[in-house]
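Residue numbers (the working numbering), protein chains in the order written: chain A, 1128 to 1238; chain B, 55 to 167.
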């Protein structure tokens, strides 16, 4: 079972920052927060992950609250190509763990 | 660096036939995963290889599905005999370490008619 809660859909204007929230109130101390996305008809794509500190890479930023019960993925300047389903996933960096996808958030970038 | 390659990209077979899907992971990635998305449903985990060993096959739907990874390189997923409900997109992913930034292939779209 997915351990996260995400809104089913969101809209964002092109060029604006897209902020995708995720709740993971039952996250364990050794579990990371991962974000993936799936653009229509393509394989899922890894975006970013973090444990407790905020993280940034060339694709996005990940903001994790101090209590680690929620996080926000930020796409700083959304483009039409960012239209996709975004998945927030929690999991441990362990040999016997794996990524479990939930329903995700369908992000629509509006021109 | 070549990505994860899946073959074929599409397959249409009749109910009762056999189909074999292939996945070539990124070179050096010991961890290989199979997932499936049936239309309208969530992406579901099927199984996880570490090198040539099955670490977790809890998601395999039934014994009509057989996955192998001989030599710890490429993997195959055989469906025999195929049923209508097996239709969907099968994704393969690989990673250097467990749960570390999976790289997914483009998937194989399987249609059973």
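Where a beta carbon is used, it is the ideal one built from N, C-alpha and C, also for glycine.
Values in this document were obtained by computation on a predicted structure and should not be read as measured data.
The three-state reading of DSSP puts residue 78 of chain B in strand, counting E and B together. The segment 55 to 63 of chain B and the segment 1193 to 1202 of chain A do not touch, with fewer than three beta-carbon pairs separated by less than 8 Å. Contact annotation: the segment 1203 to 1218 of chain A does not touch the segment 113 to 133 of chain B, with fewer than three C-beta pairs closer than 8 Å.
Distance from the CA of residue 99 of chain B to the CA of residue 1161 of chain A, rounded to the nearest whole angstrom, comes to 16 Å.
DSSP places residue 1208 of chain A in the helix class (H, G or I) of the three-state scheme. Here residue 1164 of chain A really is in contact with residue 1213 of chain A; their C-beta atoms are around 5 Å apart, less than 8 Å. Identification of residues in the segment 1200 to 1229 of chain A having a C-beta nearer than 7 Å to some C-beta of chain B yields 1218, 1219, 1220, 1221, 1222, 1223, 1224, 1225, 1226, 1227, 1228, 1229, given in sequence order. At least 9 Å separates the CB of residue 128 of chain B from every CB of chain A. Within its own chain, the residues whose Cβ lies closer than 6 Å to the Cβ of residue 1138 of chain A, once the five positions on either side in sequence are excluded, are 1235, 1237, listed in chain order. Looking at the DSSP output, residue 1165 of chain A shares a beta bridge with A:1212. In the DSSP assignment, the residues bridged to residue 144 of chain B are B:90, B:162. Per DSSP, reduced to three states, the secondary structure at residue 1178 of chain A is coil, with no helix or strand assignment. Approximately 16 Å separates the beta-carbon atoms of residue 97 of chain B and residue 148 of chain B; this is outside 8 Å, ruling out the contact.
The shortest C-alpha to C-alpha distance from residue 1225 of chain A to any of B:63, B:78, B:113, B:92 is the one to B:113. Under the three-pair Cβ rule at 8 Å, the segment 151 to 166 of chain B counts as touching the segment 130 to 140 of chain B. Taking residue 102 of chain B as the centre and dropping the five residues before and after it, the same chain places the C-beta of 87, 109, 110 closer than 6 Å to its C-beta, in chain order. Spanning the alpha carbons of residue 59 of chain B and residue 77 of chain B requires a straight line of approximately 6 Å.
With respect to residue 91 of chain B, residue 161 of chain B sits close: the two C-beta atoms are nearer than 9 Å.
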